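Peer 1: In our numbering, the protein residues as written are 2 to 465.
Ideal placement from N, C-alpha and C gives every residue a C-beta, glycine not left out.
These numbers were taken from a predicted model, which means no experiment stands behind them.
One structure is given below, represented as structure tokens, and several questions about it will come after.
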């Protein structure tokens with residue numbers, strides 16, 4: 002009996018934990034890729050949404066000298082159509098041999114620009130710059146305190162503009178040894194804590210560059226710092242620093258270079274071995290609930306300096322790693338989107354005779370992030386006060402799409418009854434009053450005989 006009770010309690014706890022404590026990312030396709038050009042999204046979708054997958058990830062860099070609204074709105078629109086979740090990494094611009102430091106006075110430009118765009122999903126993921134423990138990434142110096150000050154200001158600005166921004170810190174070079182213009186990651190993280198002991202609690206998730214180092218020739222089975230599971234070392238180090246937050250992890254850069262490129266690098270594994278390693282690595286990441294997304298670097302750059310990392314060859318064909326990831330069984334991801342619309346017009350004659358059929362129209366505008374009509378039929382309801390008119394269903398059929406900020410007219414049919422009556426209708430915020438009359442009803446106080454005759458003439462001409 003005691004054993005049966007124990008089994009029942011165990012089952013109850015399992016169901017409770019899954020129901021109330023399961024992560025919001027349960028239906029999450031972790032697989033993604035890093036790209037360099039906004040025009041590459043179609044190839045991204047073919048890869049990351051293959052083999053049962055949907056709503057995979059794509060990481061891309063947004064530079065401060067590339068804030069072109071039409072270009073980036075087109076990118077987001079394509080992500081919406083292709084079911085891709087963008088991860089936007091902020092960057093500045095090259096200055097001599099370095100990336101310029103972010104200008105504290107201009108940080109609002111990133112925020113205003115990204116907030117002006119209609120994102121494809123509600124969770125708007127933004128990464129704050131790249132590997133600041135390299136001086137070449139921060140204006141020729143390494144300054145963890147300054148990185149904290151910039152991050153604090155950006156987080157405040159982003160969160161004030163919209164609670165939907167989801168902020169990640171920069172990914173760090175885990176293998177930096179403190180030489181050749183670098184700082185060890187642990188020293189940089191300690192420097193951030195010195196500036197603000199609570200700085201890491203400001204971020205929504207952790208960002209990791211978990212490469213198979215040293216020299217990009219590590220194995221998928223390696224553990225610890227500088228491996229494909231280096232994020233676990235980072236999280237452990239943060240705990241030792243007193244950071245209590247339990248982070249989910251985005252691996253926005255990782256991957257093995259292959260020997261094959263413009264030249265041939267004997268120091269790397271060949272393309273066949275690299276492909277096998279990718280497959281093994283993804284099986285590890287897929288099994289780890291802490292990992293929310295993995296976007297290896299890089300999809301398409303077959304020229305130096307990234308030719309050894311590229312999934313594409315110069316002739317447009319793929320290296321074997323592409324086929325391996327293509328064939329990995331994936332999750333049909335689900336995302337939260339703002340699903341809003343507005344009825345911008347409601348067309349219906351104000352005076353109608355009895356026993357009459359009339360075609361009305363509504364015009365609907367998509368004011369959200371979703372694609373209306375993409376997943377299923379969508380019905381609209383007209384609110385009525387008694388007495389009721391006979392109104393057909395008003396439906397946007399699946400496949401009859403309305404994209405954000407677009408409008409579409411939808412027809413419906415109204416059948417009047419046998420008695421004179423006043424009908425009050427409401428569609429969205431638009432109210433209508435419809436008067437139905439019996440022809441030649443001289444006693445009708447709402448619709449006089451001249452209005453009745455004029456209405457009949459109008460409807461006759463309308464029906465022609």
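(1) So residue 159 is in the alpha helix (DSSP H); what residue range does that whole segment cover?
(2) Tell me, please, whether the region 86-93 touches the region 60-68 by the rule of three or more beta-carbon pairs shorter than 8 Å.
(3) In or out: residue 174 buried (at least 16 other Cβ within 10 Å) or exposed?
(4) Let's test the definition: count the other Cβ atoms within 10 Å of the Cβ of residue 152 and tell me whether it reaches 16, buried, or not, exposed.
(5) Identify every run of the beta strand (DSSP E) within the region 273-345, keeping only runs that are complete inside it and at least 3 residues long; order them along the chain.
(6) Is residue 81 helix, strand or coil by DSSP?
(7) In chain order, which beta strand (DSSP E) runs of at least 3 residues are fully inside the region 63-143?
(8) List the residues that DSSP assigns as beta-bridge partners of residue 361.
(9) Can you round the beta-carbon distance between residue 228 and residue 211 to whole angstroms, since I take them to be within the 8 Å contact cut?
(10) For residue 440, which of 252, 255, 420 and 74 has the nearest alpha-carbon?
(11) Tell me, please, whether the region 107-117 touches the region 150-168 by the rule of three or more beta-carbon pairs shorter than 8 Å.
(12) Quick one, are the C-beta atoms of residue 243 and residue 209 less than 7 Å apart?
(13) Do you know offhand how far residue 223's Cα is from residue 309's?
(14) Using the beta-carbon count (16 or more within 10 Å), is residue 443 buried or exposed?
(15) Are the CB atoms of residue 187 and residue 238 nearer to each other than 7 Å?
(16) Name the residue from 325, 326 and 304 whose alpha carbon lies nearest to the alpha carbon of residue 316.
(17) So what's residue 169 in DSSP terms, helix, strand or just coil?
(18) How long is the line joining the alpha carbons of residue 293 and residue 360, rounded to whole angstroms?
(19) Out of 53, 37, 80 and 70, state which residue places its alpha-carbon closest to the alpha-carbon of residue 404.
(20) Counting C-beta neighbours from all protein chains within 10 Å, is the total for residue 365 16 or more, i.e. buried, or is it exposed?
(21) Indicate whether residue 357 and residue 434 have their beta-carbon atoms separated by less than 7 Å.
(22) With distances taken from CA atoms, which of 218, 287 and 284 is nearest residue 259?
(23) Quick check on the DSSP output: the beta strand (DSSP E) that includes residue 177 runs from which residue to which?
(24) Apart from the five residues on each side of it in sequence, which residues of its chain come closer than 6 Å, Cβ to Cβ, to residue 202?
(25) Thinking C-alpha only, which one of 49, 396 and 337 is nearest residue 33?
(26) In terms of alpha-carbon separation, which member of 93, 374 and 84 lies closest to residue 121?
(27) Could you check which residue in 399, 383 and 398 has the C-alpha nearest to that of residue 392?
(28) Grab me the residues of residue 193's own chain with a C-beta within less than 8 Å of its C-beta, minus the 5 sequence neighbours each way, in chain order.
(29) Since residue 234 sits in a beta bridge, which residues does DSSP pair it with?
(30) Would DSSP call residue 31 helix, strand or coil?
(31) Residue ranges of each beta strand (DSSP E) run of no fewer than 3 residues wholly in the region 366-411, ordered along the chain?
(32) On the criterion of 16 or more Cβ atoms from any shown chain inside 10 Å, does residue 40 qualify as buried, or is it exposed?
(33) Using a Cβ-Cβ cut-off of 7 Å (strictly less than) and excluding sequence neighbours within five positions of residue 1, which residues of its own chain qualify?
(34) Can the beta-carbon of residue 53 be found less than 7 Å from the beta-carbon of residue 330?
(35) Using a Cβ-Cβ cutoff of less than 7 Å, which residues in the same chain neighbour residue 142 once the five nearest sequence positions on both sides are dropped?
(36) Could you check what DSSP says for residue 420 in three-state terms: helix, strand or coil?
Peer 2: Answer, in terms of the structure:
(1) Taking the chain shown and counting its residues from 1, the one referred to as residue 159 is at position 158. First-last of the alpha helix (DSSP H) with residue 159: 145-162.
(2) yes
(3) Position 173 of the chain shown, counted from the start, is the residue given in the question as residue 174. Residue 174 comes out buried.
(4) Start at 1 with the first residue of the chain shown, and residue 152 comes out as number 151. Classification of residue 152: buried, given that the 10 Å Cβ count is 16 or more.
(5) 292-295
(6) As a first step, residue 81 must be located in the chain shown, where it is residue number 80. In this structure, residue 81 counts as helix in the three-state DSSP scheme.
(7) 85-92 and 125-128
(8) Here residue 361 refers to the residue found at position 360 when the chain shown is read from its first residue. According to DSSP, which records beta bridges pairwise, residue 361 is partnered with 413.
(9) On the chain shown, residue 228 is found 227 positions in, with the first residue counted as 1. On the chain shown, residue 211 is found 210 positions in, with the first residue counted as 1. With a Cβ gap of about 7 Å, residue 228 and residue 211 count as contacting.
(10) If you number the chain shown from 1, residue 440 lands on position 439. Among 252, 255, 420 and 74, the Cα nearest to that of residue 440 is on 420.
(11) yes
(12) Position 242 of the chain shown, counted from the start, is the residue given in the question as residue 243. Position 208 of the chain shown, counted from the start, is the residue given in the question as residue 209. Not a contact, by the Cβ cut-off of 7 Å.
(13) The residue given as residue 223 occupies position 222 in the chain shown. The residue given as residue 309 occupies position 308 in the chain shown. Near 21 Å, if we compare the C-alpha coordinates of residue 309 and residue 223.
(14) Sequence index remark: in the chain shown, residue 443 carries index 442 (1-based). Per-residue confidence for residue 443 stands at a pLDDT of 46, beneath the threshold of 50, marking its modelled position as unreliable; the derived number appears in the next sentence. Residue 443 is exposed by the Cβ-count criterion.
(15) In the chain shown, counting from the first residue as 1, residue 187 sits at position 186. In the chain shown, counting from the first residue as 1, residue 238 sits at position 237. Yes, they are a contact pair.
(16) By one-based count along the chain shown, residue 316 stands at place 315. Answer by Cα proximity: 304.
(17) Here residue 169 refers to the residue found at position 168 when the chain shown is read from its first residue. Note: residue 169 maps to strand in three-state DSSP.
(18) Counting from 1 along the chain shown, the entry for residue 293 is found at position 292. Counting from 1 along the chain shown, the entry for residue 360 is found at position 359. Roughly 50 Å separates the two Cα atoms.
(19) For this step, residue 404 is matched to residue 403 along the chain shown. Nearest C-alpha to residue 404: 80.
(20) In the chain shown, residue 365 corresponds to position 364, counting from 1. Buried, because 16 or more other Cβ atoms sit within 10 Å of the Cβ of residue 365.
(21) Within the chain shown, numbered from 1, the residue matching residue 357 stands at position 356. Within the chain shown, numbered from 1, the residue matching residue 434 stands at position 433. No.
(22) Taking the first residue of the chain shown as 1, we reach residue 259 at position 258. Comparing Cα positions, the closest option is 218.
(23) As a position in the chain shown, residue 177 is number 176, starting the count at 1. Per DSSP, residue 177 belongs to no beta strand (DSSP E) and is neither H nor E.
(24) The residue given as residue 202 occupies position 201 in the chain shown. 246.
(25) Along the chain shown, read from residue 1 onward, the residue named residue 33 stands at position 32. That would be 49, whose Cα lies nearest to the Cα of residue 33.
(26) Here residue 121 refers to the residue found at position 120 when the chain shown is read from its first residue. Answer by Cα proximity: 84.
(27) The residue given as residue 392 occupies position 391 in the chain shown. The shortest Cα separation from residue 392 among 399, 383 and 398 belongs to 383.
(28) Translated into the one-based positions of the chain shown, residue 193 becomes position 192. Within the same chain, residue 193 has close Cβ partners 145, 146, 148, 149, 200 and 201.
(29) Here residue 234 corresponds to residue number 233 of the chain shown, with the count starting at 1. In the DSSP output, where bridge partners are listed per residue, residue 234 has none listed.
(30) Along the chain shown, read from residue 1 onward, the residue named residue 31 stands at position 30. DSSP places residue 31 in coil when its eight states are reduced to three.
(31) 379-381 and 395-397
(32) Sequence index remark: in the chain shown, residue 40 carries index 39 (1-based). It is exposed - the Cβ of residue 40 has fewer than 16 other Cβ atoms within 10 Å.
(33) As shown, the chain starts at 2 and ends at 465. That puts residue 1 outside it, with no answer to give.
(34) By 1-based counting over the chain shown, the position of residue 53 is 52. By 1-based counting over the chain shown, the position of residue 330 is 329. Against a cut-off of 7 Å, the Cβ pair of residue 330 and residue 53 comes out as a contact.
(35) Your numbering for residue 142 matches position 141 in the chain shown. Hits under 7 Å: 136.
(36) Counting from one through the chain shown, the residue named residue 420 turns up at place 419. Of the three classes helix, strand and coil, the one that applies to residue 420 here is coil, per DSSP.
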